[in-house]
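What follows is one structure encoded as structure tokens, with my remarks underneath.
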Amino acid sequence: MARFQEADAFAPAGNLQLLPLRFECLRNDRYLVSNLVGDALHLTRRELDKVVGLDLALGDGLYERAFEKLLVAAKGQKAQLQLLAMRLRSRMAFLQDATPLHLFVVTLRCEHSCPYCQVSRRSVDRERFDMSPETAMRALRVALSAPAPTIKIEFQGGEPLLNFPLIKQIVAAARRDKPAGKNIEFVIATNLALLSDEVLDFCRENSILLSTSLDGPADLHNRNRPRPGGNSHDLAVAGIQRAQKALGPDRIGALMTTTQASLDRVEDIINEYLRLHLDGIFLRPLSPYGFAIKTKQFDKYDGREWLKFYERGLRYILEVNKRGRRFPEFYATILLRRMLSDLPIGYVDLRSPAGIGLGALVYNYDGKVFASDEGRMLAEMGDRTFELGDLTTDDYASLVFSDKLVELVGGSLSQCSPECASCAFEPYCGSDPVYHHATQGDPVGIKPLSEFCARQKSVLGLLFTLLEDSPEDAAILRGWVCR
Amino acid sequence: LSYKDKPLPDENLREKIASETVGVRNVIVALAFGALARERDSSG
Chain A
0 MARFQEADAF APAGNLQLLP LRFECLRNDR YLVSNLVGDA LHLTRRELDK
50 VVGLDLALGD GLYERAFEKL LVAAKGQKAQ LQLLAMRLRS RMAFLQDATP
100 LHLFVVTLRC EHSCPYCQVS RRSVDRERFD MSPETAMRAL RVALSAPAPT
150 IKIEFQGGEP LLNFPLIKQI VAAARRDKPA GKNIEFVIAT NLALLSDEVL
200 DFCRENSILL STSLDGPADL HNRNRPRPGG NSHDLAVAGI QRAQKALGPD
250 RIGALMTTTQ ASLDRVEDII NEYLRLHLDG IFLRPLSPYG FAIKTKQFDK
300 YDGREWLKFY ERGLRYILEV NKRGRRFPEF YATILLRRML SDLPIGYVDL
350 RSPAGIGLGA LVYNYDGKVF ASDEGRMLAE MGDRTFELGD LTTDDYASLV
400 FSDKLVELVG GSLSQCSPEC ASCAFEPYCG SDPVYHHATQ GDPVGIKPLS
450 EFCARQKSVL GLLFTLLEDS PEDAAILRGW VCR
Chain B
-12 LSYKDKPLPD ENLREKIASE TVGVRNVIVA LAFGALARER DSSG
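First to last, the sequence lines map onto chains A and B.
If you use the working numbering, the first sequence closes out at 482, no skipped numbers anywhere.
If you use the working numbering, the second sequence closes out at 31, no skipped numbers anywhere.
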């Protein structure tokens, strides 16, 4: 008759091996220790040294914690290595569905004149700055040949509604020409100033999402986003409300950009989103491109000031949630998904290998193709590092397998980049070669001097601290990931 | 604390961890993305 062995037979003493792990000191004697797939423990330095030295014994508590988080394993035990491999593969499954996002810059013209405009919009010359139908159809052929089973086509500008007839042509052609089994989603990124019943009807008929910009209450928004008449906020708010009514409350989202004038207004900004029944907010810093550099908007505050703004905003949002209103902060939600699950994320700016080309392609109004939206923003500033080719001569394969993209993607692996390779936050982070090229002249980046790195570490550290120290906040943060 | 009990400076500890785990890290990555993963895909 089969019998269980004595408990001693399962004791790991003297038979343990260390698994790959990384650590970061959060504060004083508190270390965050993470494994290859982002399972994390908070340990004291003494506990960390004991784990690394395999100075562990069955029943001492630390052994059980380290074993559960896959920081140590029994020598020769294959199951834990296979589990780590399977989970690592799952976390990087985004690589199996290449290039799900396709941005069509249907015009560079815009009737706004925002000083932080990162795409360097133009105000005149329809002939020169609008995408032609021929270019659009070439771009569509490339987009439809991407391997991803579901692709998203996003219409960008300038203000894309200034070339609405072309949007209609592209949507109709995409529906007509799409291969069997391929799903297509459409998004128009618009400031809503030109929103009409015709546009809303078209969006409803074609299940098109709208994405807009809302920087906060009227005085702040209008200061950030000037246009003739000074009524950008009125038009945005009216547009949001009309779109919610015509398309459904979840068919329009808004993005804010933080300027110097926003820094002490985070509660006002969040309240404006709540007032308009938007389903969350993305607290975003300015990016170092376009007019944000030319007009020196980018230099008007530093990373530390933005982090203070962000932490204050996140804590305010948590209080809103505690009062019963579900209202996520989307940047935290993206990171939490990486921290609390093995689901691959679609967000192209926070993954490794980088999302350039493999996550998104950008078809510019003039037929040039870029590896990311920020790459085309740089090109408007005269730097064509992330230009992959031209729609008159290239197809999907020649763009994605170009030597330029292969080299840039190969160099973007945070898993083996200096600093990142030994960073406890690496499993939750990503690489941003365009940002580091723009700010440091090096796509890999010099991480100790990188504001991207400082921002990531600070926000991730804040989230880990909230998850560990505050059960009420932790329950809310976990809830944002679950839906 | 005796010399033996003093914690290693962070960078030395990182180096120690890396050198002790590089082999098993390579095995995990190979299981995830290398020939073994391809075998699993083709048999599945």
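By construction, the Cβ of each residue, glycine as well, lies at the ideal position given by its N, Cα and C atoms.
What you are looking at is a predicted structure, and each value in this text was computed from that prediction instead of being measured.
Could you pull the start and end residues of the beta strand (DSSP E) that Gly252 of chain A belongs to?
Taken as a continuous stretch (DSSP letters only), the beta strand (DSSP E) holding Gly252 of chain A covers Ile251 to Leu254.
Are the C-beta atoms of Val105 of chain A and some chain B residue less than 8 Å apart?
Closer than 8 Å: no.
Per DSSP, cross-strand counterpart(s) of His41 of chain A:
In DSSP, His41 of chain A forms a bridge with A:Leu31.
Could one say the Cβ of Gly31 of chain B lies closer than 8 Å to chain A's Cβ atoms, at least one of them?
Interpretation of Gly31 of chain B is limited by its pLDDT of 47, a score under 50 that renders its predicted location unreliable; the figure taken from the coordinates is listed afterwards. Under the 8 Å criterion on CB atoms, Gly31 of chain B is classed as non-interfacial with respect to chain A.
What residues from the segment 16 to 50 of chain A come within 8 Å of chain B, judged by C-beta to C-beta, listed N to C?
Of all residues in the segment 16 to 50 of chain A, Gln16, Leu17, Leu18, Pro19, Leu20, Arg21, Phe22, Cys24, Leu35, Arg44, Arg45, Leu47 and Asp48 have a Cβ within less than 8 Å of some Cβ in chain B.
Which of the three DSSP states is assigned to Arg350 of chain A in this structure?
Strand, per DSSP.
Considering only C-alpha positions, which residue in the set A:Lys307, A:Leu360, A:Thr98 and A:Ala135 is nearest to Thr106 of chain A?
Nearest of A:Lys307, A:Leu360, A:Thr98 and A:Ala135 to Thr106 of chain A, Cα basis: A:Ala135.
Give a yes or no on whether the C-beta atoms belonging to Val198 of chain A and Ile4 of chain B are separated by under 8 Å.
No, these two residues do not count as a Cβ contact at 8 Å.
Leaving out the 5 sequence neighbours to the left and right, which residues in its chain are closer than 6 Å to Thr438 of chain A when beta-carbon positions are compared?
Once the five neighbours on either side are set aside, the close Cβ partners of Thr438 of chain A are Pro287.
Can you say whether Asp301 of chain A is buried or exposed, counting buried as having 16 or more other CB atoms within 10 angstroms of its CB?
Classification of Asp301 of chain A: exposed, given that the 10 Å Cβ count is below 16.
Opening and closing residue of the alpha helix (DSSP H) in which Phe369 of chain A lies
If you look at Phe369 of chain A, you'll find it isn't in any alpha helix (DSSP H); it sits in the beta strand (DSSP E) that goes Lys367 to Phe369.
Please check the pair Thr211 of chain A and Ala235 of chain A, which I expect to be a contact at CB under 8 Å, by giving their CB distance rounded to whole angstroms.
Between the beta-carbon of Thr211 of chain A and that of Ala235 of chain A there is about 6 Å, and that keeps the pair under the 8 Å contact cut.
Specify, as a first and last residue, the run of the beta strand (DSSP E) that Thr258 of chain A falls within.
Where Thr258 of chain A is concerned, there is no enclosing beta strand (DSSP E), given that its DSSP letter is neither H nor E.
Using the DSSP secondary-structure output, state which residues sit across from Arg108 of chain A in a beta bridge.
DSSP, once it has assigned bridges, lists A:Arg121 as partnering Arg108 of chain A.
Counting contacts by CB-CB distance shorter than 8 Å, is Ala84 of chain A in contact with chain B?
Answer yes: the Cβ-Cβ gap between Ala84 of chain A and chain B drops below 8 Å somewhere.
When the distance is taken between beta carbons, is Val480 of chain A closer than 8 Å to Glu336 of chain A?
Looking at the sequence itself, residue 336 of chain A is Arg, so the reference to Glu does not match. A contact, by the Cβ cut-off of 8 Å.
Do we get a CB-CB distance below 8 Å when we pair Leu(-12) of chain B with the residues of chain A?
Residue confidence for Leu(-12) of chain B is low, a pLDDT of 43 falling below 50, so the modelled location carries little weight and cannot support an answer.
If contact means a Cβ-Cβ distance below 7 Å, which residues of the segment 401 to 412 of chain A contact chain B?
For the segment 401 to 412 of chain A, which is checked against every Cβ of chain B, not one residue is closer than 7 Å.
Could you tell me the alpha carbon to alpha carbon distance between Ala453 of chain A and Ala260 of chain A, rounded to whole angstroms?
Rounded to the nearest whole angstrom, the CA to CA distance from Ala453 of chain A to Ala260 of chain A is 22 Å.
From this set, A:Glu110, A:Val368 and A:Glu67, which residue's C-alpha is nearest Pro227 of chain A's C-alpha?
When each option's Cα is compared against that of Pro227 of chain A, the closest is A:Glu110.
So, does the CB of Ser421 of chain A fall closer than 8 Å to a CB anywhere in chain B?
With 8 Å as the cut-off, Ser421 of chain A counts as an interface residue toward chain B.
Please report the straight-line C-alpha distance between His232 of chain A and Pro225 of chain A, rounded to a whole angstrom.
Their Cα atoms are separated by approximately 9 Å.
Rounded C-alpha distance that separates Phe326 of chain A from Gln296 of chain A:
About 29 Å.
Partners in chain B for Gln95 of chain A, counting only beta-carbon separations shorter than 8 Å
Within 8 Å Cβ-Cβ: nothing; Gln95 of chain A doesn't reach chain B, min ~10 Å.
9 Å Cβ cut-off: residues of chain B touching Gln81 of chain A
Those within 9 Å of Gln81 of chain A in chain B are Ile15 and Leu18.
Range of the contiguous beta strand (DSSP E) that encloses Thr211 of chain A
Note, Thr211 of chain A: beta strand (DSSP E), Ile207 to Ser212.
So, do the segment 165 to 173 of chain A and the segment 420 to 427 of chain A have three or more beta carbon pairs nearer to each other than 8 Å?
Between the segment 165 to 173 of chain A and the segment 420 to 427 of chain A there are fewer than three inter-stretch CB-CB distances shorter than 8 Å, so the stretches are not counted as touching.
Over what stretch of residues does the alpha helix (DSSP H) that includes Thr149 of chain A continue unbroken?
Under the DSSP assignment, Thr149 of chain A falls outside any alpha helix (DSSP H), being part of the beta strand (DSSP E) whose first and last residues are Thr149 to Gln155.
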